[in-house]
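Numbering (our numbering), first residue to last: 45 to 241.
Notes follow once the structure below has been shown.
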Amino acid sequence: MTATFGTLDRREAVKTLLADRKDLLVVTGLGSPSYDVFAAGEHDGNFYLWGAMGGAAMVGLGLALARPQRPVAVITGDGEALMGIGGLLTAAAKKPANLSIVVLDNGHFGETGMQLSHSGLGARLDLIAQGAGFASVTQITDMKGVADFRPKMYDRGNGTRFARIMIAPGNPERVLPPRDGTYVKNRMRQHLGFAVT
Numbered sequence: 045m046t047a048t049f050g051t052l053d054r055r056e057a058v059k060t061l062l063a064d065r066k067d068l069l070v071v072t073g074l075g076s077p078s079y080d081v082f083a084a085g086e087h088d089g090n091f092y093l094w095g096a097m098g099g100a101a102m103v104g105l106g107l108a109l110a111r112p113q114r115p116v117a118v119i120t121g122d123g124e125a126l127m128g129i130g131g132l133l134t135a136a137a138k139k140p141a142n143l144s145i146v147v148l149d150n151g152h153f154g155e156t157g158m159q160l161s162h163s164g165l166g167a168r169l170d171l172i173a174q175g176a177g178f179a180s181v182t183q184i185t186d187m188k189g190v191a192d193f194r195p196k197m198y199d200r201g202n203g204t205r206f207a208r209i210m211i212a213p214g215n216p217e218r219v220l221p222p223r224d225g226t227y228v229k230n231r232m233r234q235h236l237g238f239a240v241t
């Protein structure tokens with residue numbers, strides 16, 4: 045297998061994806077996707093995962109099942125998605141129509157020194173998602189594709205969606221969201237209308 049690397053700027057792609065986000069709930073994967081989502085605009089509906097590599101799809105799945113009336117997007121990286129491949133398979137099997145999983149794929153483990161990930165070595169997450177049974181699988185290589193995918197995240201009638209956004213390798217300057225897990229959890233609970241005691 046030969047890897048193909050993307051050219052899209054990760055921050056621009058995420059900012060475009062989250063423009064006019066309405067009632068979208070967002071779960072981020074470890075590291076750079078958290079920084080990207082925070083840089084796109086802080087929101088009470090953001091749930092940042094810290095130190096939970098491989099868990100983003102499962103947290104997003106749980107949120108989507110608990111709140112079927114709200115659209116949920118998991119925004120994560122290729123390394124995190126590959127580590128949590130079972131989470132992707134479970135999301136595809138459970139099929140919540142309000143869930144979108146978006147993988148920012150640069151073919152590298154950005155948080156540990158930019159080593160090649162399995163994606164960088166040729167693994168195709170879009171084909172894995174297709175084989176797992178996602179209702180919709182999209183590979184995005186340009187900004188028009190990002191803009192075209194944005195409204196699909198709000199569609200609750202056609203099954204679980206998967207998008208692989210081909211971003212350029214590299215690490216932009218870190219923009220750190222809240223790191224206090226209790227604060228992030230309580231903020232999300234309040235946003236969803238639960239009392240925090």
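Note that CB positions come from ideal geometry on N, CA and C, so glycine has one too.
- Under the Cβ criterion (8 Å, minimum of three pairs), the stretch 139–157 does not count as touching the stretch 83–96.
- DSSP, read as helix, strand or coil, puts T72 in strand.
- Inter-residue distance for D186 and L52 is about 7 Å (C-alpha atoms, whole angstroms).
- Per DSSP, the continuous beta strand (DSSP E) segment holding G121 begins and ends at 116–121.
- The beta carbon of F178 sits closer than 6 Å to the beta carbons of A136, T204, F206 from its chain, once the five residues preceding and following it are set aside; these are given in chain order.
- For the options V70, L74, I209, G95, the alpha carbon positioned closest to that of A84 is the one of V70.
- Selection S163, A173, F49, V118 evaluated against L133 yields A173 as nearest (Cα-Cα).
- Beta-bridge partners assigned by DSSP to F206: I145, V181.
- The three-state reading of DSSP puts Q113 in coil, since its state is none of H, G, I, E or B.
- In the three-state reduction of the DSSP assignment, N150 falls in the coil class, being assigned neither a helical nor a strand state.
- Q159 is bridged by DSSP to F153.
- DSSP places Y227 outside any beta strand (DSSP E); the residue lies instead in the alpha helix (DSSP H), whose first and last residues are 225–235.
- Distance from the CA atom of T226 to the CA atom of G95, rounded to whole angstroms, is 14 Å.
- For F238, no beta strand (DSSP E) encloses it, and the DSSP letter there is neither H nor E.
- Of all C-beta pairs linking the stretch 113–124 to the stretch 55–72, three or more are shorter than 8 Å, placing the two stretches in contact.
- For V81, the closest alpha carbon among the candidates P222, F238, L236 is that of P222.
- Of the residues assessed, Q234 falls on the exposed side of the cut-off, its CB having fewer than 16 other CB atoms within 10 angstroms.
- Less than 7 Å separates the beta-carbon of G121 from that of G73.
- L171 carries a helical assignment under DSSP once its states are collapsed to helix, strand and coil.
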